[in-house]
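In our numbering, the protein residues as written are 619 to 797. We put the beta carbon where it would ideally sit given N, CA and C, even for glycine.
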């Protein structure tokens, strides 16, 4: 197979390997091995998890929320579950789509971004604006959940009325079409 951009595993121990471009990789249940490939925005998609997920980009280990532990490399983007997730970044410029409920997102090193408009690739799921205060390391997501944001420098908000406050480091905000 060539030019495959989305790969989904089953309930067993799967090995998923991305290609040269940006890939969306979803391991499913089981202890999976996931390799993002050479893209700059390879996605580890845990949005279908039935329990909270724990992902550490620095160590390459994820509790997938489906009962398995995944090992991965080459991932730059995380799609989390609808639960209260813990997402830890690595040394690069990581992107986090935390989903609803209160998440702990620690960007680690690099210029890390939290996206509230594209939660797990589903913009229609967001029901309201966000309130982000990077100096206080807090945010209220589009469903009213309280997120903790550590080491986040960039925020992409929603199409609703958002409140975005920066920190003492250089920040970048994308407010989209809201007020």
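Cβ shell of residue i (< 7 Å), same chain only, five flanking positions each side left out
i	result
residue 684	646, 647, 667 and 668
residue 793	775, 780 and 782
C-beta contact flag for residue i and residue j at 8 Å
i	j	result
residue 692	residue 784	no
residue 654	residue 664	no
residue 734	residue 777	no
residue 688	residue 649	yes
residue 723	residue 677	no
residue 725	residue 661	no
residue 709	residue 727	yes
residue 789	residue 771	yes
Straight-line gap, residue i to residue j (C-alpha atoms, nearest Å)
i	j	result
residue 712	residue 773	12 Å
residue 627	residue 707	23 Å
residue 670	residue 748	21 Å
residue 631	residue 681	14 Å
residue 675	residue 755	20 Å
residue 779	residue 796	5 Å
residue 744	residue 656	30 Å
residue 623	residue 641	5 Å
residue 690	residue 651	6 Å
residue 758	residue 732	12 Å
Paired residues, beta bridge with residue i - DSSP
i	result
residue 680	673 and 688
residue 774	733 and 792
residue 715	697
residue 635	653
residue 661	642 and 695
Sequence-distant residues of its chain with Cβ nearer than 8 Å to residue i (five each side left out)
i	result
residue 786	753
residue 701	667, 669, 670, 671, 683, 717 and 719
Cut-off 6 Å between Cβ atoms - residues of its own chain near residue i, not counting five sequence neighbours on either side
i	result
residue 673	680, 696 and 705
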